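Notes for the one structure printed next.
There are 2 protein chains.
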Amino acid sequence: MSTTRSEALPSEPRRIRDIAHFDLEAEVVVVGLGMAGACAAIEAQEAGANVLAIERFGAGGGTSANSGGVIYMGGGTAVQKAAGFEDSPEEMYKFLVAVSQPGANEEKVRAFCEASVEHFDWFEAHGMPFKRSFHHEPSLESITDDCLVYTSGEDCHPWCEIAKPAPRGHKPQVVNKGGPFMMQCMMGAVERMPFPVEVDTRVDTLIVDDDGVVVGAVAKTAGDERCIRATKGVVLTAGGFILNDAMRDLHAPLLSKVQVHTATEGDDGRGIRMGQGVGAATLYMDLGEVALPYTIPNRLSRGIYVNQHGLRFINEDTYYGHIGIAGLYSQGGQVYLLLDDSCYERGRVGLEPSWVGETIEEVEREAGLPEGSLVSTVELYNRHAGEGRDPLFHKRSEMITPLVTPPYALIDCRVENAIWSAFTTGGLHTSVDSEVLNGDGAAIPGLYAAGRTAAMFSGQGYPGSGTSLGDASFFGRVAGRSAARRRG
Amino acid sequence: MSTTRSEALPSEPRRIRDIAHFDLEAEVVVVGLGMAGACAAIEAQEAGANVLAIERFGAGGGTSANSGGVIYMGGGTAVQKAAGFEDSPEEMYKFLVAVSQPGANEEKVRAFCEASVEHFDWFEAHGMPFKRSFHHEPSLESITDDCLVYTSGEDCHPWCEIAKPAPRGHKPQVVNKGGPFMMQCMMGAVERMPFPVEVDTRVDTLIVDDDGVVVGAVAKTAGDERCIRATKGVVLTAGGFILNDAMRDLHAPLLSKVQVHTATEGDDGRGIRMGQGVGAATLYMDLGEVALPYTIPNRLSRGIYVNQHGLRFINEDTYYGHIGIAGLYSQGGQVYLLLDDSCYERGRVGLEPSWVGETIEEVEREAGLPEGSLVSTVELYNRHAGEGRDPLFHKRSEMITPLVTPPYALIDCRVENAIWSAFTTGGLHTSVDSEVLNGDGAAIPGLYAAGRTAAMFSGQGYPGSGTSLGDASFFGRVAGRSAARRRG
């Protein structure tokens, strides 16, 4: 009888009775030192626990160090106030729950929003500087050292009608991409802590007792195996699974079509597998963050996206991640961006048009779109665009101009041909206290998870840039605190 | 510290060392006697095993008895041949893999197609009669006692270009709905077998040994608990989870919007929970069969479906389940069906129009669709419809007539207001041998699953009417055979 072994990753736990002796002991053992792990370790330490942090590579940082460095925080942070934006936990909650539907974890979103100002202050207290300033170009982190950005379409339809918009993407004070500096700050905070960090050490296996309680982990350093006792708990913060081809193809086949992965080698699913091996349930394993970043700079949002039927499907001024999610999950990744010469010139950023024509008919025909479809779509769009309106998708009027200036350019954004990027947002099912849950929704004693090893608070859909780091850092801290408080 | 206990269903297995004595013993224990369970039990018996079947309710049948009774089979069955349709395992495979993407389990689809003629013969040999006839009305089971139906849009775009179309929905020979008669036949076959069936008996708990091997189950009859030893294996065929509100809201929030569930009380997720409790991985828990049956009879396919933006999204002549999947997963359940008076008269089946108008403008305005959207959609549709063409979605020309005869009727098919139906198709991850797999893709010794307790062979999307019964019956037999052959 054959078995389908998708990848030779061990996840079966070892039984305590098979452990000859423990080489190390700590109250809280944190596996993986990206954003979630750093936050968990620091918080556990500050809650009075004896901590051991384990990092697979030579230094911490993880995929967080590879990111834009935007952290989603709000409700009235010091930066929001200084930059003149009103916000409240309630408006932040209304936005995040709506944008994370269906399937938003309302209990987690509530906790995340209510503590968000405190969370911002915690980062500053641990050495991460944020300039009191706003950057006007939405969606992407600032290229200056400015802080606040609209990262999630908060000021776009339909969200602007659901909650009072406020920018909530906070980038630490550094020029350009914020991820490396952000994690440098976090690693500085870790270094100031008394707990040891074991680097170049990989954890593949949990240790359980006869009642299924997680009581430790097996770590390997250059082939040497050490058994580590965790008297209060193990926190899995070992990344997602976008780089595990077998897991991704099995659970998230649409994400396998995306060419660029926001990842480090650590995102091989090991953390999730270890959780599954002790009975953890998983959630939303098919979902991910998906970015279709062709409307950066936002000036290009004056163009229109169409699907393979030549029909529009979204307001082009919204967050490019929402465009990516809709483009992949609802349109199968078969999308195109149409620009006229005036949009093209305004937004010129080296985008090569795939098809160019003096008329819309010509572009439609060249691209092989259905006869009459693009022409009809543009006719309807232009009819209202002349009045600065978009009754179908409610693009903001400042982003609307009729597409009437030839030549017309169509950019092939189909997922096979274009640069999309993705990471996984599904993972271990965790409680609002970051406990790992089994299929009954009951906590597995001694096991915690955060970051992309855990399922995000959002259900279908990725809320916006910075929400993964927001979720990872906040529920990482929660995990560290929960583990530290557990009576082992 | 709080835990999120979504529902008080126990799934934790019992350890063999905690079992005082076993009350019953069999080689293969089958839990649940719907289509999958009946097939598993019969096949295990015929493979020489000593079998015990356990049914929660007073008699077998399950949700299968509640269905239309169409079983998806092909590759050249006796009925297909007699009715003059050519088919082959290869064409069946090409269709099923394409329609089940992304994420189709190609290995399972291959096995399913290659053995499909044998599977049909097996049903007949076990007393299920099929008339050698074809029923012309696609998608739904015949209202006569005729057998074959196009149930899955095989003859519609794009599938008709991918594989040679053949009808593969086989309904047993009975007038009207086939489910009750179909399961009557299966229960007849079960009765002719020597194995005992314990009815009114519920299994909540598996029994495992110290190596994690499944060695039995705990059964309850009117409060009395009996421990049952399974020396070769336990087969979980206990239905899906559409009636478990907590599981459905957590894993498949979109399905929670659907008002009608194809289910019996047994579809409470118990089988999946028991599997999870012994380390099984789950797959595609967010997915389901979703039917939007407004184009039954197919004559109504001459109308057009539009989304909340007043734009078309599918060829209306395809299987109403494909319309349901696209309508729910891609359009958020916000869809409408537009008919003109001539379509409405042709298809009249008591459908109450939600809005009626003498012009498209009037209907558009009354229904609150975006200004100009429906008008533009109909203009483009009519332009080609006059020539019997549909370049955008490729509806078959016999289903195309221009929508030009007032009054116009718009049917509100939004998921909040209309009759959609659904059941879950995600569940335990199983191998092509119906072994239940853990997160590593390794088989959990002694545990098998089929029917809606297991994830279907399809990934995103439900292939078509009859494929759930096809999958359940075929992989149910495989489960019975695999368990019978296991060296316990």
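Chains as they are written, first to last, in numbering that gives the first Met the number 0: chain F, 0 to 487; chain A, 0 to 487. Using N, Cα and C, we set each Cβ at its ideal position, and we do this for glycine too. Every value quoted in this text rests on a predicted model; they were computed, and no experiment measured them.
- request: Tell me whether His156 (chain A) sits in a helix, a strand or coil according to DSSP, three-state version.
  value: Position 157 of the second sequence holds residue 156 (chain A). The answer is coil: DSSP assigns His156 (chain A) none of H, G, I, E or B.
field: Continuous beta strand (DSSP E) stretch holding Pro179 (chain F): start and end
entry: Taking the first sequence and counting its residues from 1, one reaches residue 179 (chain F) at position 180. Premise fails: Pro179 (chain F) lies in the alpha helix (DSSP H), Gly178 to Glu190, not in any beta strand (DSSP E).
message: Rounded to the nearest angstrom, what separates Cys226 (chain A) and Asp210 (chain F) at their Cα positions?
response: The residue you call residue 226 (chain A) lines up with position 227 of the second sequence. The residue you call residue 210 (chain F) lines up with position 211 of the first sequence. Straight-line Cα distance between these residues: approximately 21 Å.
Chain-ordered neighbours of Gly371 (chain A) on chain F, where CB pairs are closer than 9 Å: As a first step, residue 371 (chain A) must be located in the second sequence, where it is residue number 372. Residues of chain F passing the Cβ test: Leu379, Arg382, His383, Pro390 and Leu391.
- prompt: If you check the beta carbons only, do Glu315 (chain A) and Ile303 (chain A) fall under 7 Å apart?
  reply: As a first step, residue 315 (chain A) must be located in the second sequence, where it is residue number 316. As a first step, residue 303 (chain A) must be located in the second sequence, where it is residue number 304. Contact: yes.
query: With DSSP run on the structure shown, which of helix, strand or coil describes Arg488 (chain A)?
result: Coverage of chain A is limited to positions 0 through 487, which leaves residue 488 (chain A) absent and any answer about it impossible.
message: Looking only at its chain, what residues have a beta carbon closer than 7 Å to the beta carbon of Gly346 (chain F), apart from the 5 residues adjacent to it on each side?
response: Residue mapping note: residue 346 (chain F) aligns to position 347 of the first sequence, counting from 1. Cβ within range, chain order: Pro296, Arg298 and Leu299.
message: I need the DSSP call for Tyr447 (chain A), collapsed to helix, strand or coil.
response: The residue given as residue 447 (chain A) occupies position 448 in the second sequence. Three-state DSSP puts Tyr447 (chain A) in a strand.
message: According to DSSP, is Ile70 (chain A) part of a helix, a strand, or is it coil?
response: As a working note, residue 70 (chain A) is residue 71 in the second sequence. Of the three classes helix, strand and coil, the one that applies to Ile70 (chain A) here is strand, per DSSP.
Beta-ladder partner(s) of Leu442 (chain F), from DSSP: Here residue 442 (chain F) refers to the residue found at position 443 when the first sequence is read from its first residue. A small fix is needed here, since residue 442 (chain F) is Ala in this sequence, not Leu. The partner list for Ala442 (chain F) (beta bridge, DSSP) reads F:Leu436.
- prompt: Does the beta carbon of His308 (chain A) come closer than 7 Å to any beta carbon on chain F?
  reply: Position 309 of the second sequence, counting from 1, holds the residue named residue 308 (chain A). With 7 Å as the cut-off, His308 (chain A) counts as an interface residue toward chain F.
Ile206 (chain A) versus A:Met398, A:His20, A:Ile241 and A:Arg395, residue with shortest Cα-Cα distance: Here residue 206 (chain A) refers to the residue found at position 207 when the second sequence is read from its first residue. When each option's Cα is compared against that of Ile206 (chain A), the closest is A:His20.
query: What do you reckon, are the CB atoms on Thr204 (chain A) and Arg16 (chain A) nearer than 7 Å?
result: If you number the second sequence from 1, residue 204 (chain A) lands on position 205. If you number the second sequence from 1, residue 16 (chain A) lands on position 17. Not closer than 7 Å, so no.
message: If we require 4 or more residues per run, which alpha helix (DSSP H) segments fall completely within the region 33-63 of chain F?
response: 34-45
Through-space distance from Glu360 (chain A) to Phe456 (chain A), alpha-carbon basis: On the second sequence, residue 456 (chain A) is found 457 positions in, with the first residue counted as 1. On the second sequence, residue 360 (chain A) is found 361 positions in, with the first residue counted as 1. Those two C-alpha atoms are separated by around 45 Å.
- prompt: For Gly278 (chain A) and chain F, any beta-carbon pair shorter than 7 Å?
  reply: Counting from one through the second sequence, the residue named residue 278 (chain A) turns up at place 279. Interface residue, yes.
- prompt: What's the C-alpha gap between Leu336 (chain A) and Tyr293 (chain A)?
  reply: Position 337 of the second sequence, counting from 1, holds the residue named residue 336 (chain A). Position 294 of the second sequence, counting from 1, holds the residue named residue 293 (chain A). One C-alpha to the other measures close to 8 Å.
query: Going along chain F in order, which residues have a C-beta closer than 8 Å to the C-beta of Thr204 (chain A)?
result: On the second sequence, residue 204 (chain A) is found 205 positions in, with the first residue counted as 1. By Cβ distance, chain F contributes nothing, its closest Cβ being about 12 Å from Thr204 (chain A), past 8 Å.
- prompt: Under a Cβ-count criterion, where at least 16 other Cβ atoms within 10 Å of its own Cβ denotes burial, should Arg191 (chain F) be classed as buried or exposed?
  reply: In the first sequence, counting from the first residue as 1, residue 191 (chain F) sits at position 192. The residue is exposed, with fewer than 16 neighbouring Cβ atoms inside 10 Å.
query: From which residue to which residue does the beta strand (DSSP E) around Leu223 (chain A) run?
result: Stepping through the second sequence from its first residue, residue 223 (chain A) is reached at position 224. First, the amino acid is wrong: residue 223 (chain A) is Asp here, not Leu. Asp223 to Leu235 is the span of the beta strand (DSSP E), which, as asked, contains Asp223 (chain A).
C-beta atoms of Ala46 (chain A) and Arg311 (chain A) nearer than 7 Å: Numbered from 1 along the second sequence, position 47 holds the residue referred to as residue 46 (chain A). Numbered from 1 along the second sequence, position 312 holds the residue referred to as residue 311 (chain A). No.
- prompt: Taking Cβ to Cβ, would you say Met72 (chain A) is nearer than 7 Å to Phe111 (chain A)?
  reply: Position 73 of the second sequence, counting from 1, holds the residue named residue 72 (chain A). Position 112 of the second sequence, counting from 1, holds the residue named residue 111 (chain A). No, these two residues do not count as a Cβ contact at 7 Å.
query: Does DSSP classify Ile18 (chain F) as helix, strand or coil?
result: In the first sequence, the residue the question calls residue 18 (chain F) occupies position 19. If DSSP states are grouped into helix, strand and coil, Ile18 (chain F) belongs with coil.
field: Residue from A:Gly426, A:Glu106 and A:Gly268 whose Cα sits closest to the Cα of Asp432 (chain A)
entry: The count along the second sequence starts at 1 and reaches residue 432 (chain A) at position 433. Considering only alpha carbons, the answer is A:Glu106.
- request: Please report the Cβ distance between Val233 (chain F) and Val28 (chain F), rounded to the nearest whole angstrom; I am assuming they are in contact, meaning their Cβ atoms lie under 8 Å.
  value: Start at 1 with the first residue of the first sequence, and residue 233 (chain F) comes out as number 234. Start at 1 with the first residue of the first sequence, and residue 28 (chain F) comes out as number 29. Yes, Val233 (chain F) and Val28 (chain F) are in contact; Cβ-Cβ is about 5 Å, under 8 Å.
query: What are the boundary residues of the beta strand (DSSP E) that Tyr343 (chain F) is part of?
result: For the purposes of this step, residue 343 (chain F) is taken as the residue at position 344 of the first sequence. First-last for Tyr343 (chain F): Asp340 to Gly346, but that is the alpha helix (DSSP H), not the beta strand (DSSP E).
task: With DSSP as the reference, please indicate the residues paired to Ser464 (chain A) in a beta bridge.
output: For the purposes of this step, residue 464 (chain A) is taken as residue 465 along the second sequence, with counting starting at 1. DSSP, once it has assigned bridges, lists no residue as partnering Ser464 (chain A).
- prompt: Which residues, taken in chain order from the region 231-261 of chain A, show a beta carbon closer than 9 Å to some beta carbon of chain F?
  reply: Ala245, Met246, Asp248, Leu249, His250, Ala251, Pro252, Leu253, Ser255 and Lys256
task: Output the boundary residues of the beta strand (DSSP E) element that contains Arg201 (chain F).
output: Residue numbering aside, residue 201 (chain F) sits at position 202 when the first sequence is read from its first letter. Looking at the DSSP string, the run of the beta strand (DSSP E) that includes Arg201 (chain F) is Thr200 to Val207.
task: For my contact list, Ala218 (chain F) and Arg201 (chain F) are in at a C-beta cut-off of 8 Å; report their separation, rounded to the angstrom.
output: As a first step, residue 218 (chain F) is located in the first sequence; it is residue number 219 there, counting from the start. As a first step, residue 201 (chain F) is located in the first sequence; it is residue number 202 there, counting from the start. Yes, they are in contact, since the Cβ atoms of Ala218 (chain F) and Arg201 (chain F) sit about 7 Å apart, within 8 Å.
- request: Using three-state DSSP, classify Ile322 (chain F) as helix, strand or coil.
  value: One-based indexing of the first sequence puts residue 322 (chain F) at position 323. Ile322 (chain F): helix per DSSP, three-state reduction.
- prompt: Say the cut is 6 Å; is the CB of Gly479 (chain F) nearer than that to a heavy atom of the ligand PLP?
  reply: Ligands displayed in this structure: none; no statement on the ligand PLP is therefore possible.
task: Go ahead and pull the three-state DSSP assignment for Gly102 (chain A).
output: As a first step, residue 102 (chain A) must be located in the second sequence, where it is residue number 103. If DSSP states are grouped into helix, strand and coil, Gly102 (chain A) belongs with coil.
- request: Have a look at Phe473 (chain F) and Ala483 (chain F) and give me their C-alpha separation to the nearest angstrom.
  value: Numbered from 1 along the first sequence, position 474 holds the residue referred to as residue 473 (chain F). Numbered from 1 along the first sequence, position 484 holds the residue referred to as residue 483 (chain F). If I take the Cα positions, the gap works out to 16 Å.
message: Quick check on Tyr283 (chain A): does DSSP put it in helix, strand or coil?
response: Residue mapping note: residue 283 (chain A) aligns to position 284 of the second sequence, counting from 1. Note: Tyr283 (chain A) maps to coil in three-state DSSP.
field: DSSP-derived helix/strand/coil call for Ser457 (chain A)
entry: Taking the second sequence and counting its residues from 1, one reaches residue 457 (chain A) at position 458. Correct three-state label for Ser457 (chain A): coil.
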